[in-house]
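Chains A and B are the protein sequences, given in the same order.
Using the working numbering, you'd call the opening residue of the first sequence number 12 and step up by one each time.
Using the working numbering, you'd call the opening residue of the second sequence number 462 and step up by one each time.
The structure appears right after this line, and notes come after that.
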Amino acid sequence: MGFSMLGLTTLAVILVLVFILFDIFSKGISVISWEFITDKPRRGMTEGGIWPAIVGTFWVSLVTVFFSVPIGMFTAIYLNEYAVQGRLIRLIRLAIRNLSGVPSIVYGLFGFALFTLMLNLGLSVISSGLTLGLLTLPWTITASEEALKTVPRSYREGALALGATKWQTIRTNVLPYAVPGMLTGTILGLARAAGETAPILFTGVAFFWPILPEFPKLLTRQFMALPYHLFIMSTQHHEIVKVRPLAYGTALVLIVLIVSMNGLAIWIRYHFRKKYKRI
Amino acid sequence: MPDFKITTRNFHFYYGKFKALNDISMDIETNRVTALIGPSGCGKSTFLRSLNRMNDIIPDTRVEGSIVLDNQEIYDRNVDVVDLRRRIGMVFQKSNPFPKTILENVAYGLRINGERDKGRIIRRVEQSLRDAALWDEVKDRLDDSAMDLSGGQQQRLCIARALAVQPEVLLMDEPASALDPIATQKIEELIFDLKKMYTIVIVTHNMQQAARVSDYTAFFYLGELVEFGETDQIFTNPAKKKTEDYVTGRFG
Numbered sequence: 012m013g014f015s016m017l018g019l020t021t022l023a024v025i026l027v028l029v030f031i032l033f034d035i036f037s038k039g040i041s042v043i044s045w046e047f048i049t050d051k052p053r054r055g056m057t058e059g060g061i062w063p064a065i066v067g068t069f070w071v072s073l074v075t076v077f078f079s080v081p082i083g084m085f086t087a088i089y090l091n092e093y094a095v096q097g098r099l100i101r102l103i104r105l106a107i108r109n110l111s112g113v114p115s116i117v118y119g120l121f122g123f124a125l126f127t128l129m130l131n132l133g134l135s136v137i138s139s140g141l142t143l144g145l146l147t148l149p150w151t152i153t154a155s156e157e158a159l160k161t162v163p164r165s166y167r168e169g170a171l172a173l174g175a176t177k178w179q180t181i182r183t184n185v186l187p188y189a190v191p192g193m194l195t196g197t198i199l200g201l202a203r204a205a206g207e208t209a210p211i212l213f214t215g216v217a218f219f220w221p222i223l224p225e226f227p228k229l230l231t232r233q234f235m236a237l238p239y240h241l242f243i244m245s246t247q248h249h250e251i252v253k254v255r256p257l258a259y260g261t262a263l264v265l266i267v268l269i270v271s272m273n274g275l276a277i278w279i280r281y282h283f284r285k286k287y288k289r290i
Numbered sequence: 462m463p464d465f466k467i468t469t470r471n472f473h474f475y476y477g478k479f480k481a482l483n484d485i486s487m488d489i490e491t492n493r494v495t496a497l498i499g500p501s502g503c504g505k506s507t508f509l510r511s512l513n514r515m516n517d518i519i520p521d522t523r524v525e526g527s528i529v530l531d532n533q534e535i536y537d538r539n540v541d542v543v544d545l546r547r548r549i550g551m552v553f554q555k556s557n558p559f560p561k562t563i564l565e566n567v568a569y570g571l572r573i574n575g576e577r578d579k580g581r582i583i584r585r586v587e588q589s590l591r592d593a594a595l596w597d598e599v600k601d602r603l604d605d606s607a608m609d610l611s612g613g614q615q616q617r618l619c620i621a622r623a624l625a626v627q628p629e630v631l632l633m634d635e636p637a638s639a640l641d642p643i644a645t646q647k648i649e650e651l652i653f654d655l656k657k658m659y660t661i662v663i664v665t666h667n668m669q670q671a672a673r674v675s676d677y678t679a680f681f682y683l684g685e686l687v688e689f690g691e692t693d694q695i696f697t698n699p700a701k702k703k704t705e706d707y708v709t710g711r712f713g
């Protein structure tokens, strides 16, 4: 009885997921074409493609990675390897865990106040990337710390007993085995960030901004992004019924993007687990 | 007058409030094998790990008293722990090869000490593997993963890795406890050869092993050093009743 209930709930969850994916696939696949991917929106966004939104999401994600990965990794290394484990560190860890539960719109407002206004970065790729970076930091830190914890103590002791300094031990005999796990967590966090709308809404995303300038100029400009474009196409457009297929196409591209990022994360984990299996 | 490599005087060790070692005083002779025996939790491993300050990495631990290595107080404030651990090598109970090649495992200690010369590294790796009686078994597959070696080979690899940095003292924490009799015998023969060049301190659960390989034996019980003397005397004519009960297998 209990078991069949558990089975039913599981089945229900999977069915909902399958239904959503099927719905988006069946309605979106018809608009997917080379042109849809590589063209910019035309005729008041009733025709054309989503290339600027893909590019915008790409650059914002890149800023996110460059901000969140080093800070997240070094924070995790400090918390796990150097800090004296006491009440303060436990409190900090608790705060970090809690931050991952803060609604994304709060991050949006905070990013707007801090990056856009206070640091005067304006509405831009950089403001949005940094805001999403803050959003992913708790994920990156937590995943990195978990990854460091999986490295056996015997590796650390073995290196220390040979006269390695603490940093040498971490650099040569801990980090190499923790990096795959760190990457996995980071990519999962990034996949979440890439689908977020609220944080970029406040800090730089644009309704229609079809031509991005060259790097690095584009970092200081507004941009289009896939989740926001989807939001516009499905709720704000003046010819909402006409552009519905385009909205589904955008949703499909976004989902494929995020699923492949998750797939990459799983592949990295699997690949390295196999490599270090016999530990 | 024997030459002592390490002298310990009134050494105490605490994990937090728990006193794990009480007032240990003993001398470890140069180029001899000293065995530490006693039941689980008696402090013998704690004492061994105090000798190269491996216990430093355990939070909330504290020491009192003195351990002197060649006239140098090792718990002195200005002692470089990294340098100390280069001089006092350690082999662990569970063999812990790194997930690298056989060559890179043995070369690890050289590389972190700044050795860059390939030729010198190769020569030292070969010598260390020969000293650890492993060379003939691995010379044709130095680039294979160390994880592919058998348990006994892995443990000898860890010994080779420790020897590569040319320590003066070798600490062994139950090096053969996870090995089969043949692999154990190889390790014991190896210990016999190695004491020509190194001062060896070995923790063991196995009384026969202590009797076979060591020159001196220290019997620990509940954090105290009950008796310390020549191995022959400890096993054939112990001065304390407790020692006799333990070495004859009446408890432990």
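Here a beta-carbon is modelled for each residue, glycine too, at the ideal position from N, C-alpha and C.
Straight-line Cα distance separating residue j from residue i
{"i": "Ser15/A", "j": "Val29/A", "result": "20 Å"}
{"i": "Gly274/A", "j": "Ser115/A", "result": "24 Å"}
{"i": "Ile290/A", "j": "Leu512/B", "result": "Low confidence applies to Ile290/A: its pLDDT is 43, below 50, so where it sits in the model is not reliable, and the reading given next is rough at best. Between Ile290/A and Leu512/B, the C-alpha separation is close to 28 Å."}
{"i": "Val162/A", "j": "Leu73/A", "result": "28 Å"}
{"i": "Gln233/A", "j": "Trp178/A", "result": "41 Å"}
{"i": "Glu225/A", "j": "Val136/A", "result": "13 Å"}
{"i": "Lys293/A", "j": "Ile31/A", "result": "The requested residue 293/A is not part of the displayed model; chain A covers only 12 to 290."}
{"i": "Gln533/B", "j": "Val543/B", "result": "15 Å"}
{"i": "Lys600/B", "j": "Gly526/B", "result": "46 Å"}
{"i": "Ala700/B", "j": "Glu688/B", "result": "8 Å"}
{"i": "Pro463/B", "j": "Glu490/B", "result": "7 Å"}
{"i": "Gly140/A", "j": "Val552/B", "result": "49 Å"}
{"i": "Thr86/A", "j": "Lys657/B", "result": "47 Å"}
{"i": "Phe465/B", "j": "Asn483/B", "result": "22 Å"}
{"i": "Asn566/B", "j": "Ile277/A", "result": "29 Å"}
{"i": "Thr704/B", "j": "Gln588/B", "result": "40 Å"}
{"i": "Pro238/A", "j": "Thr49/A", "result": "17 Å"}
{"i": "Arg585/B", "j": "Leu564/B", "result": "10 Å"}
{"i": "Leu270/A", "j": "Leu201/A", "result": "The sequence shown places Val at residue 270/A, rather than the Leu named in the question. Spanning the two alpha carbons is a distance of roughly 12 Å."}
{"i": "Asp521/B", "j": "Leu230/A", "result": "49 Å"}
{"i": "Gln669/B", "j": "Val708/B", "result": "9 Å"}
{"i": "Arg673/B", "j": "Thr692/B", "result": "9 Å"}
{"i": "Ile695/B", "j": "Asp597/B", "result": "37 Å"}
{"i": "Arg164/A", "j": "Val254/A", "result": "57 Å"}
{"i": "Glu46/A", "j": "Arg53/A", "result": "12 Å"}
{"i": "Phe78/A", "j": "Trp220/A", "result": "25 Å"}
{"i": "Phe123/A", "j": "Gly144/A", "result": "13 Å"}
{"i": "Ile43/A", "j": "Thr214/A", "result": "29 Å"}
{"i": "Ile25/A", "j": "Leu125/A", "result": "40 Å"}
Which residues DSSP lists as bridging residue i, in chain order
{"i": "His718/B", "result": "Because residue 718/B is not part of the residues shown, which for chain B are 462 to 713, the question remains open."}
{"i": "Val216/A", "result": "Phe234/A"}
{"i": "Pro52/A", "result": "Gly59/A"}
{"i": "Glu685/B", "result": "Tyr682/B"}
{"i": "Asp726/B", "result": "No statement about residue 726/B is possible, as the shown extent of chain B runs from 462 to 713 and does not include it."}
{"i": "Phe479/B", "result": "Tyr476/B"}
{"i": "Glu705/B", "result": "The partner list for Glu705/B (beta bridge, DSSP) is empty, contrary to what the question assumes."}
{"i": "Ile661/B", "result": "Val494/B and Leu631/B"}
{"i": "Tyr677/B", "result": "Thr495/B and Glu691/B"}
Residue i Cβ short of 7 Å to the ligand MG heavy atom set
{"i": "Arg470/B", "result": "In the structure on display, the ligand MG does not appear, and there are no ligands present to speak of."}
Contact residues within the stretch 621-635 of chain B, judged by C-beta distance below 9 Å to chain A: Within the stretch 621-635 of chain B, the qualifying residues are Arg622, Ala623, Ala625, Val626, Pro628 and Leu632.
Sufficient close CB pairs (3 or more, under 8 Å) joining the stretch 277-286 of chain A to the stretch 476-493 of chain B: Not touching, per the Cβ criterion.
Inter-stretch contact (C-beta, 8 Å, three-pair minimum) for the stretch 150-169 of chain A and the stretch 185-198 of chain A: These segments touch.
Sequence ranges, alpha helix (DSSP H) only - wholly within the stretch 595-640 of chain B, length at least 4: Runs of the alpha helix (DSSP H) inside the stretch 595-640 of chain B: 596-599 and 612-625.
The stretch 606-616 of chain B in contact with the stretch 558-565 of chain B per 3-pair CB rule at 8 Å: Using a Cβ-Cβ distance cut-off of 8 Å, the stretch 606-616 of chain B and the stretch 558-565 of chain B are in contact, since at least three pairs of beta carbons, one from each stretch, lie closer than that value.
The stretch 654-667 of chain B touching the stretch 487-502 of chain B, judged by at least three CB pairs closer than 8 Å: Yes, they touch.
Proximal residues, the stretch 167-197 of chain A versus chain B, C-beta separation under 8 Å: Residues passing the 8 Å Cβ filter: Arg167, Glu168, Gly169, Ala170, Leu171, Ala172, Leu173, Gly174, Ala175, Thr176, Gln179, Thr183, Asn184 and Tyr188.
Positions along the stretch 500-520 of chain B whose CB lies within less than 7 Å of some CB in chain A: The residues in question are Asn513, Met515, Ile518 and Pro520.
Interface positions of the stretch 640-655 of chain B facing chain A (Cβ-Cβ less than 8 Å), listed along the chain: Cβ contacts with chain A come from no residue of the stretch 640-655 of chain B.
Inter-stretch contact (C-beta, 8 Å, three-pair minimum) for the stretch 117-126 of chain A and the stretch 198-212 of chain A: Yes, they touch.
Every unbroken beta strand (DSSP E) within the stretch 107-144 of chain A, with a cutoff of 3 residues, ordered by chain: If we require 3 residues or more, the stretch 107-144 of chain A turns out to have no beta strand (DSSP E) run fully inside it.
At least 3 beta-carbon pairs within less than 8 Å: the stretch 91-104 of chain A vs the stretch 252-268 of chain A: No contact exists between the stretch 91-104 of chain A and the stretch 252-268 of chain A.
The stretch 245-263 of chain A contacting the stretch 51-68 of chain A, beta-carbon criterion three pairs below 8 Å: Yes, they touch.
Residues of the stretch 527-555 of chain B with Cβ closer than 9 Å to any Cβ of chain A, in chain order: Those would be Val542, Val543, Asp544, Leu545, Arg546, Arg547, Arg548, Ile549, Gly550, Met551, Val552, Phe553 and Lys555, in chain order.
Residues of the stretch 93-120 of chain A with Cβ closer than 8 Å to any Cβ of chain B, in chain order: For the stretch 93-120 of chain A, the residues whose beta carbon sits under 8 Å from a beta carbon of chain B are, in order, Val95 and Gln96.
Where the stretch 561-578 of chain B meets chain A: residues whose CB sits under 7 Å from a CB there: Cβ contacts with chain A come from Tyr569, Gly570, Ile573 and Asn574.
Sequence ranges, alpha helix (DSSP H) only - wholly within the stretch 496-571 of chain B, length at least 4: With a minimum length of 4 residues, the unbroken runs of alpha helix (DSSP H) contained wholly in the stretch 496-571 of chain B fall at 505-512 and 542-548.
Positions along the stretch 20-54 of chain A whose CB lies within less than 9 Å of some CB in chain B: Within the stretch 20-54 of chain A, no residue qualifies.
Under 7 Å (Cβ pairs) to chain B, residues found in the stretch 148-167 of chain A: Taking 7 Å as the cut-off between beta carbons, the residues of the stretch 148-167 of chain A near chain B are Ser165 and Tyr166, in sequence order.
Members of the stretch 675-701 of chain B that neighbour chain A once the beta carbon cut-off is set at 8 Å: The stretch 675-701 of chain B vs chain A, Cβ under 8 Å: nothing.
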